[in-house]
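*Asks:* Just so you know, the sequence shown maps onto residues 1086 to 1685 in the numbering used here. Where a beta carbon is used, it is the ideal one built from N, C-alpha and C, also for glycine. Fair warning: this is a prediction, and the values are worked out from it, not measured in the lab. I have a structure I would like to understand better, so I am pasting it below and will then ask my questions one at a time.
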Amino acid sequence: MAPTLKGSFTVRFLLDVLTQQHVLSASQAQVMLMKEETQRLRVLKQKGLSTQTTRYDVSPVEIIASFHEELADGQELTEHLIMQYFAEAIEMPFEVIDPLKLDYKLITQTLSPPFAKKHIVVPLRVEGNVMLVAMDNPFDIMLVESLRSLTQMPIQIVLAAKSDILKIITEVYGFRRSVTAAVQDLGHSADLGNLEQLVKLKAVQEIEANDKHIINAVEYLLHYAFDQRASDIHIEPKRNEAVIRFRIDGVLHTVYAIPKAVQPAIVSRIKTLARLDIAEKRKPQDGRIKTDQGTKEVELRISTLPVAFGEKIVIRIFDPEVILQDLDKLGFFPAQLEVFQSFISRPFGMILVTGPTGSGKTTTLYSALNVLASGQVNITTIEDPIEMVIENFNQTNINPKIGLTFASSLRTILRQDPDIIMVGEIRDKETAENAIQAALTGHLVFSTLHTNDAPSTLTRLLDLGIPPFLIGSSLAGVMAQRLVRQICPHCIRDGVMSKEQRELLQIEVPPGRPPFLPLKYGEGCAHCRGTGLLGRTGIFEVMPLGDRIRRAVMAGSDAGELMKLARQDGMTTLRESAIKKLAMGVTAFEEVVRVTAESW
């Protein structure tokens, strides 16, 4: 229930709370109090509002946070931190709102947009018979009474940052308003026939009520996906509704459930932007959109698929800051990076990167090619499809329907005076033979295979019918990789590895050492949505082809023997790389088991 509070929500009151908790010194608080009005005007200016505005009240928290005060522990006194200290002082719960865990129906059916925005309040959830609502001002007793009367339920206040609440109000009501209006007015989309359309997204605050509703809904959806760091958007028709899901750090999260009638219109809008045939719903189609995310351009790859209840669409988001990274940011250990850099520094030869779909191979290859790109070299890629358009590369999209395959494209590219070639995937003997021939004739060739580890790549080439002497003479190196989720830095904790965990990882404790090995884990917080994991990094198995391995390939050795020789030559396996990342506190035990399960 909402407790009875004494006081008023002012800058002076909040500064008193922070000084009593020893967050700020008395002198710091005095300076802030003296500059209160100046900071209020500065906040208004930063938000692009006039000093006479009556539509936006600058809160005491915003004023204090605008000083960007550094605390004794080095942290900046942010809006979230102020609210957290305030909540502790008045013994109220505080939450960093996770938009993916909200009940959007509860929000939109409980409060009108003007009411929510005016009072800075949003319903979070119902627990038992109590409705939890997020507010930034717990002293607004009249608001609590209004909510109790409106909902006919007991109200529990949960403190939250004003910026979080306003963001939820904008996103939820904006998207829902567009979808609801579209049920009555589906509108029409203009056909954009450019080779590659730059879709200029408006800022959220610029979207007007009289715009076409479906256009608005799609723009809100893309803004939301960018904000949540989604790599994929799934729009899936069901029997009675449509579901929108985001893939974040490799895991799918349900975001919206929308009326079934609106889903085809949203799909048609996206297909139009991607230059696809909106009338063709029986066949899968692929396209792409270039759009903007703030100050940078982002590639969106569109794939449609007819399913039981309509047409499903998946949008893959290619952020250049993710796809093109410095090699030392990918997750290599220093020794591994040194070996991989020796591969790509060669004037010719073939470099193979292996791993399942979604293991980060494209990011590794693009990042390596970007390192090599200059005005002195011709880099040409053959892809299916082109993952992301990069100006420094000459990129070719294969099209088997017209006979443009990996193998035929590679034959043509060899007449284009290339220095460096990337073949998206070696799928058959002909492509493998052409890639090897290119490597043997003075070209540096990059490609991928689907194998579980680096040594298995060599036996896979043998299985394709490639003679051992060609493998040994053309390959510069092989690398297997996976992606593991990282422990959330905001809730990382110290723990101890159990006996069962040690046995599963086959870790032996040296004699004389205590059996309690340290282990980091994520406790779960709002930043990581309670998972304890945030972001991803690579683990690698980098295998150079030394003389012993080349001789073993010539002798027809199996993958097990090649693995043994590679480890003797100093190669760190995927499993060993994952365990090292575990010991360093980078990733979690469950992630090590998940991504290296085939190694047990």
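Which two residues bound the contiguous alpha helix (DSSP H) that contains Ser1353?
*Replies:* Along the sequence shown, one-based indexing puts residue 1353 at 268. From DSSP, the alpha helix (DSSP H) with Ser1353 extends over Gln1348 to Leu1358.
*Asks:* Sort Asp1632, Asp1142, Gln1480 and Glu1593 by Cα distance to Lys1202 and report the nearest one.
*Replies:* Along the sequence shown, one-based indexing puts residue 1202 at 117. Comparing Cα positions, the closest option is Asp1142.
*Asks:* If you drop the 5 nearest sequence neighbours on each side, which residues of the same chain put their C-beta closer than 8 Å to that of Gly1607?
*Replies:* Counting from 1 along the sequence shown, the entry for residue 1607 is found at position 522. So the qualifying residues of the chain are Ile1572, Cys1573, Cys1576, Ile1577, Arg1578, Cys1613, Thr1616, Gly1617, Leu1618, Leu1619 and Ala1673.
*Asks:* Where DSSP assigns a beta bridge to Gly1580, which residues make up the other side?
*Replies:* Counted from its first residue, the sequence shown places residue 1580 at position 495. Bridge partners of Gly1580: Leu1604.
*Asks:* Relative to the ligand GDP, is the shortest distance from any of its heavy atoms to the C-beta of Arg1614 smaller than 7 Å?
*Replies:* Inclusion of the ligand GDP in the displayed structure is not the case, the ligand content being empty and no account of it being possible.
*Asks:* Using 8 Å as the Cβ pair cut-off and three pairs as the minimum, do the stretch 1627-1640 and the stretch 1557-1564 touch?
*Replies:* In short, these stretches touch, since the Cβ pair count reaches three.
*Asks:* With burial defined as no fewer than 16 other Cβ atoms inside 10 Å of the residue's Cβ, what is the status of Asn1301: buried or exposed?
*Replies:* Working through the sequence shown from its first residue, we reach residue 1301 at position 216. Looking at its Cβ environment, which holds 16 or more other Cβ atoms inside 10 Å, Asn1301 is buried.
*Asks:* At the level of alpha carbons, what is the spacing between Arg1233 and Pro1369?
*Replies:* Counting from 1 along the sequence shown, the entry for residue 1233 is found at position 148. Counting from 1 along the sequence shown, the entry for residue 1369 is found at position 284. Cα to Cα, Arg1233 sits roughly 50 Å from Pro1369.
*Asks:* Got a sec? Which residues, its chain only, sit under 7 Å from Thr1095 by beta carbon, not counting five neighbours each side?
*Replies:* Counting from 1 along the sequence shown, the entry for residue 1095 is found at position 10. Result list for Thr1095: Pro1145, in chain order.
*Asks:* Is it true that the CB of Ala1668 sits closer than 8 Å to the CB of Thr1681?
*Replies:* Within the sequence shown, residue 1681 is the residue found at index 596, counting from 1. Within the sequence shown, residue 1668 is the residue found at index 583, counting from 1. Cβ atoms of Thr1681 and Ala1668: not closer than 8 Å.
*Asks:* According to the Cβ coordinates, are Leu1647 and Leu1534 closer than 8 Å?
*Replies:* Residue mapping note: residue 1647 aligns to position 562 of the sequence shown, counting from 1. Residue mapping note: residue 1534 aligns to position 449 of the sequence shown, counting from 1. No, Cβ-Cβ distance for Leu1647 and Leu1534 is not below 8 Å.
*Asks:* Just the C-alpha distance for Arg1097 and Val1116, rounded to the nearest angstrom, thanks.
*Replies:* Taking the sequence shown and counting its residues from 1, the one referred to as residue 1097 is at position 12. Taking the sequence shown and counting its residues from 1, the one referred to as residue 1116 is at position 31. Answer to the nearest angstrom: the Cα atoms are 11 Å apart.
*Asks:* Entirely within the stretch 1463-1520 and at least 4 residues each: give me those alpha helix (DSSP H) ranges in chain order.
*Replies:* Listed in chain order, they are 1491-1498.
*Asks:* On a CA-only basis, which of Thr1123, Glu1593, Leu1185 and Leu1385 is nearest Lys1252? Give me that one, please.
*Replies:* The residue given as residue 1252 occupies position 167 in the sequence shown. The candidate whose alpha carbon is nearest that of Lys1252 is Leu1185.
*Asks:* On the three-pair Cβ rule with 8 Å, is the stretch 1403-1416 touching the stretch 1352-1362?
*Replies:* Contact fails: fewer than three Cβ-Cβ distances are below 8 Å.
*Asks:* Quick check on Ala1420: does DSSP put it in helix, strand or coil?
*Replies:* Counting from 1 along the sequence shown, the entry for residue 1420 is found at position 335. Looking at Ala1420 - three-state DSSP - the assignment turns out to be helix.
*Asks:* Glu1384: which of Ala1651, Leu1409, Ala1114 and Ile1506 sits nearest, CA to CA?
*Replies:* Here residue 1384 is taken as the residue at index 299 of the sequence shown, counted from 1. Glu1384 has its Cα closest to that of Leu1409, out of Ala1651, Leu1409, Ala1114 and Ile1506.
*Asks:* Closest to Gly1443 by CA distance: which of Met1216, Arg1545, Ser1093 and Val1569 is it?
*Replies:* Sequence index remark: in the sequence shown, residue 1443 carries index 358 (1-based). It is Val1569.
*Asks:* Let me know the beta strand (DSSP E) ranges lying completely inside the stretch 1209-1272, each 3 residues or longer, listed in chain order.
*Replies:* DSSP runs (the beta strand (DSSP E)) wholly in the stretch 1209-1272: 1215-1220 and 1240-1244.
*Asks:* Output the distance between the C-alpha atoms of Ala1087 and Ala1364, rounded to the nearest integer angstrom.
*Replies:* Here residue 1087 refers to the residue found at position 2 of the sequence shown. Here residue 1364 refers to the residue found at position 279 of the sequence shown. For Ala1087, the pLDDT reaches just 42, beneath the cut-off of 50, and the residue's location in the model is therefore unreliable, although a value from the coordinates is still provided. Going by the C-alpha atoms only, they are around 55 Å apart.
*Asks:* On a Cα-Cα basis, can you pick out the residue from Gln1522, Ile1299, Glu1161 and Pro1503 that is closest to Ile1464?
*Replies:* Walking along the sequence shown from the start, residue 1464 turns up at place 379. The shortest C-alpha separation from Ile1464 is found at Pro1503.
*Asks:* Starting from Asp1317, trace the beta strand (DSSP E) both ways and give me its first and last residue.
*Replies:* If you number the sequence shown from 1, residue 1317 lands on position 232. Its beta strand (DSSP E) spans residues Asp1317 to Pro1322.
*Asks:* In chain order, what residues of the same chain lie with their CB nearer than 8 Å to the CB of Ile1167, ignoring the 5 residues before and after it?
*Replies:* As a first step, residue 1167 must be located in the sequence shown, where it is residue number 82. Same-chain partners within the cutoff: Leu1099, Leu1103, Val1146, Ile1149 and Ala1150.
*Asks:* In terms of DSSP beta bridges, what is Ile1149 paired with?
*Replies:* Taking the sequence shown and counting its residues from 1, the one referred to as residue 1149 is at position 64. Note: Ile1149 sits in no beta bridge, so no partner.
*Asks:* Determine, using beta carbons only, whether Gly1395 and Pro1349 come nearer to each other than 8 Å.
*Replies:* Position 310 of the sequence shown, counted from the first residue, corresponds to residue 1395. Position 264 of the sequence shown, counted from the first residue, corresponds to residue 1349. In contact: Gly1395 and Pro1349 (Cβ atoms closer than 8 Å).
*Asks:* Return the CA-CA distance between Val1399 and Val1257, expressed in angstroms with no decimal places.
*Replies:* In the sequence shown, counting from the first residue as 1, residue 1399 sits at position 314. In the sequence shown, counting from the first residue as 1, residue 1257 sits at position 172. Approximately 21 Å, taken between the alpha carbons.
*Asks:* Please classify Val1671: is it buried, with 16 or more other beta-carbons within 10 angstroms of its beta-carbon, or exposed?
*Replies:* Counting from one through the sequence shown, the residue named residue 1671 turns up at place 586. Flag for Val1671 reads buried.
*Asks:* Using the DSSP secondary-structure output, state which residues sit across from Gly1550 in a beta bridge.
*Replies:* If you number the sequence shown from 1, residue 1550 lands on position 465. None; Gly1550 has no bridge partner.
*Asks:* Based on the DSSP secondary-structure assignment, which residues constitute the bridge partners of Leu1390?
*Replies:* As a position in the sequence shown, residue 1390 is number 305, starting the count at 1. Bridge partners of Leu1390: Lys1397.
*Asks:* Which value, in whole angstroms, describes the spacing of the CA atoms of His1273 and Gln1566?
*Replies:* On the sequence shown, position 188 is the one that residue 1273 refers to. On the sequence shown, position 481 is the one that residue 1566 refers to. Caution applies to His1273, whose pLDDT of 38 falls short of 50 and renders its modelled position unreliable; the model cannot decide the point.
*Asks:* Span of the beta strand (DSSP E) holding Arg1621?
*Replies:* Numbered from its first residue, the sequence shown carries residue 1621 at position 536. Looking at the DSSP string, the run of the beta strand (DSSP E) that includes Arg1621 is Leu1618 to Pro1629.
*Asks:* Name the DSSP bridge partner or partners of Arg1567?
*Replies:* Within the sequence shown, numbered from 1, the residue matching residue 1567 stands at position 482. Arg1567 is bridged to Ile1624.
*Asks:* Give the straight-line distance between the Cα atoms of Val1352 and Val1328, rounded to the nearest whole angstrom.
*Replies:* The residue you call residue 1352 lines up with position 267 of the sequence shown. The residue you call residue 1328 lines up with position 243 of the sequence shown. Roughly 12 Å between the two C-alpha positions.
*Asks:* Go ahead and label Met1656 buried or exposed: buried means 16 or more other beta carbons lie within 10 angstroms of its beta carbon, across all protein chains shown.
*Replies:* The residue you call residue 1656 lines up with position 571 of the sequence shown. Classification for Met1656: buried.
*Asks:* What is the DSSP secondary structure of Pro1574, reduced to helix, strand or coil?
*Replies:* Within the sequence shown, the letter at position 489 stands for residue 1574. If DSSP states are grouped into helix, strand and coil, Pro1574 belongs with coil.
*Asks:* State buried or exposed for Leu1280, treating a residue as buried only when at least 16 other CB atoms are found within 10 Å of its CB.
*Replies:* Residue 1280 sits at position 195 when you count from the first residue of the sequence shown. The predicted position of Leu1280 is uncertain, since its pLDDT is 36 and thus under 50; no value can be drawn from it.
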